[in-house]
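This is the structure:
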């Protein structure tokens, strides 16, 4: 059963082709999909591609930056409006992977992949789908119910610009540097007003099957000064309400033990 | 950057050799940096077929039925191979050296004992067609309880992993369910010691992770021969294994090795050549069989896990007077090379130290894990990790400097090692000196003045009175030739625990002449010259300065020979 590749000029045509069969997958950059194809994945026999130029736009809008789902990590790193995302885009794979891996693919990537999505989650991005009008969905809702969106194609992601770039922090913890996969990814967005944190957002990657918010940590940080006592309390609660996964990189126990330490280092700016 | 410290042992070395001691370029370096080194997979054949295996998703399961009918109808499928298609479907690598009993099928047909064990192979026109057909093979499994821990595996009532060894333990020398080392009397020495210091050390399996995964291509050659291009690290192992499994004389097999794209031991007991040749025999066409990355990690044999228990009798001045080891090597489901790794390990005990009483029981244990094999210094690295951690632990408990402790207990030229060979060319003390110097680590004057060349031998060269025992004795295996085992009819034949010595003859009652001379086990015989019992448990005499250097060589030359596998010497 050879794998068929179908290429469409418009995203709408690609979306309807994708809807018409359950054995098709939409091809973004192929960094995960081609591996599955090469390893004989029996769940699909068709790859659907789109050459729609809007798929690769990066556009500033009033609400933030609209990034086409086909934009690669390398293009994010190179774009002057997206410099705040460089730490996250740079964390994905090696140069060859970053050259192909797309924003849309990253949103659908299962743990331990999907580092960029952790940053998008913490920044409160909005997901727009092909063939669906309206405002799309908040990334949090998308992540909560991602399986429901398997048959859809993401057209673009609208990322609000952080008012103060230093309020966004990102760290990927991996055993192999610089190209290792994630043992743990942490992104924090801690805007401050009058010295106090207002609207804290903290998200983890590789702690569950998909990126998730650390709501216990957010509650502890909100309204506080980012001082050492607050950071200690946040680190102690780093894993509250979260059951990390065990995979070949680390056990659930290990992730539970170290997540607070890495969160503390990130919040104190202690780079090792 | 290599630094030669030629001031050491200058009189033992000829510095005018053409190669040794001089930098030399790797013979494959130019090919590697210019991208021209040929690998096995660079050989192209018209009409090449691809082999993919159907693998067990279970750690331990009986095969009730394999249904290949749907797979056979898949496009591109040329042939499906089952265990019954393998002419001689049972082998163990070291049977080539007459060490161990055949215990592993090429393609399993009765049960699987590890996750990923092959139960069928699909030969197809493309790799994709082979993968698609593999997905269509239906296996009716009867899942069995699995055992994944070495100590659990040797408890009574544990699931039997490997039917050839019902006690889940390899049988050494046809006699024991473990490899013994006996030197002196550790129990008596423990009673004399100021302290007993114990430790438990565990090493995990390690995947060799070659860049090129294991593989081979076979093709028909003229004169009824088969040519095989292979990534093997051990061409003659591969040749003989193929010859044995397929019952083909080795002169009909033309194996061509070459560049190994990373090996590190993982390509020593490769089973790709027999599979590729079998495919070619059955189809008449060139066949390639290569692991993908997932198979390399899951199925490719790793360095095995080891667990070690150490118990030392230590004097307050730092002298170690007794060291007892209990070791468990996790061989995985089949023997491969762990049995041999243990022989190496036991020959190495108690590490580079002179300890007058040494005892070891080392078990090669079968568990429902991926079979383990060679990897860089296997058999030594694991126990060295345990020994050196334990040395640090002793130093810590005594409040001693860890390097001084090592120098105090270091072996020196002329000392008797526990496996009854005189130590020579020892250099631990000098290594400690240089390491301390490089680290800016202060040493006492006595430690600085110590030398591997001085103060060894004498009383330290004697073999102590040695206490022996029969525990772990098994019956029904012949000591002379493992391949011609006399196996008991039931699993009761293998001892499941220590047995009283009285229930067994103290000497081997089965003498099987063999083409392969196996050295008798020194530990089962009385020591050649037993010193008074009181001397046996005495601490090692402190290094004596009076012994002249020319006494390094043993006084008396005996007829010696090696058994290549056990490394033991006949006296």
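Chains as they are written, first to last, in the numbering used here: chain B, 1 to 272; chain D, 273 to 843. For every residue, glycine included, the Cβ atom is placed at its ideal position computed from N, Cα and C.
Under the three-state DSSP convention, the category residue i falls into
| i | result |
| --- | --- |
| residue 719 of chain D | helix |
| residue 257 of chain B | helix |
| residue 321 of chain D | strand |
| residue 268 of chain B | helix |
| residue 51 of chain B | coil |
| residue 323 of chain B | Since the first residue of chain B shown is 1 and the last is 272, residue 323 of chain B is not available in this structure. |
| residue 570 of chain D | helix |
| residue 584 of chain D | strand |
| residue 339 of chain D | strand |
| residue 633 of chain D | strand |
| residue 639 of chain D | coil |
C-alpha distance - residue i paired with residue j, whole-angstrom precision
| i | j | result |
| --- | --- | --- |
| residue 10 of chain B | residue 116 of chain B | 26 Å |
| residue 54 of chain B | residue 234 of chain B | 41 Å |
| residue 486 of chain D | residue 193 of chain B | 60 Å |
| residue 242 of chain B | residue 638 of chain D | 38 Å |
| residue 481 of chain D | residue 569 of chain D | 7 Å |
| residue 282 of chain D | residue 692 of chain D | 28 Å |
| residue 669 of chain D | residue 534 of chain D | 42 Å |
| residue 559 of chain D | residue 409 of chain D | 20 Å |
| residue 298 of chain D | residue 503 of chain D | 19 Å |
| residue 89 of chain B | residue 477 of chain D | 34 Å |
| residue 93 of chain B | residue 119 of chain B | 16 Å |
| residue 302 of chain D | residue 418 of chain D | 49 Å |
| residue 15 of chain B | residue 131 of chain B | 7 Å |
| residue 510 of chain D | residue 495 of chain D | 21 Å |
| residue 373 of chain D | residue 743 of chain D | 22 Å |
Limits of the unbroken alpha helix (DSSP H) element including residue i
| i | result |
| --- | --- |
| residue 705 of chain D | 700-711 |
| residue 463 of chain D | 458-464 |
| residue 20 of chain B | 11-20 |
| residue 544 of chain D | 544-555 |
| residue 611 of chain D | 610-620 |
| residue 509 of chain D | 507-518 |
Residues near residue i by beta carbon distance below 7 Å, same chain, minus five either side
| i | result |
| --- | --- |
| residue 462 of chain D | 468, 585, 594 |
| residue 781 of chain D | Residue placement at residue 781 of chain D is poorly supported in this model, since its pLDDT is 34, which falls under 50; the coordinates are not used for a value here. |
| residue 702 of chain D | 280, 724 |
| residue 149 of chain B | 142 |
| residue 99 of chain B | 72, 74 |
| residue 330 of chain D | 384, 387, 413, 415 |
| residue 23 of chain B | 44, 45, 46 |
| residue 231 of chain B | 264, 267, 268 |
| residue 12 of chain B | 130, 131 |
Contact set for residue i: own chain, Cβ-Cβ below 6 Å, skip 5 residues either direction
| i | result |
| --- | --- |
| residue 769 of chain D | Only weak support is given to the placement of residue 769 of chain D: the predicted model assigns it a pLDDT of 39, under 50, and the value that follows is read from those uncertain coordinates. Cβ neighbours of residue 769 of chain D beyond the five flanking positions: none. |
| residue 847 of chain D | With chain D covering 273 to 843 only, the question about residue 847 of chain D has no answer from this structure. |
| residue 777 of chain D | In this prediction, residue 777 of chain D has a pLDDT of 36, which is less than 50 and means its spatial position is unreliable; what the coordinates show is noted afterwards. The answer is none, since no qualifying residue turns up. |
| residue 722 of chain D | 679, 701 |
| residue 171 of chain B | 186, 266 |
| residue 432 of chain D | 438 |
Extent of the continuous beta strand (DSSP E) run through residue i
| i | result |
| --- | --- |
| residue 236 of chain D | This structure cannot settle anything about residue 236 of chain D, because the visible part of chain D is limited to 273 through 843. |
| residue 188 of chain B | 184-189 |
| residue 603 of chain D | 592-604 |
| residue 475 of chain D | 467-475 |
| residue 502 of chain D | 497-502 |
| residue 149 of chain B | Element bounds for residue 149 of chain B: n/a, residue is neither H nor E. |
Nonlocal neighbours in the same chain, by C-beta distance under 8 Å from residue i, ignoring five residues either side
| i | result |
| --- | --- |
| residue 274 of chain D | 295 |
| residue 110 of chain B | 209, 210 |
| residue 167 of chain B | 189, 190, 191, 192 |
| residue 518 of chain D | 358, 359, 360, 546, 549, 550, 553 |
| residue 3 of chain B | 37, 44, 45, 46, 47 |
Pair within 8 Å by beta-carbon distance, residue i and residue j
| i | j | result |
| --- | --- | --- |
| residue 102 of chain B | residue 151 of chain B | no |
| residue 475 of chain D | residue 617 of chain D | no |
| residue 549 of chain D | residue 505 of chain D | no |
| residue 239 of chain B | residue 260 of chain B | yes |
| residue 69 of chain B | residue 104 of chain B | yes |
| residue 607 of chain D | residue 388 of chain D | no |
| residue 635 of chain D | residue 441 of chain D | yes |
| residue 646 of chain D | residue 540 of chain D | yes |
| residue 125 of chain B | residue 159 of chain B | yes |
| residue 613 of chain D | residue 650 of chain D | yes |
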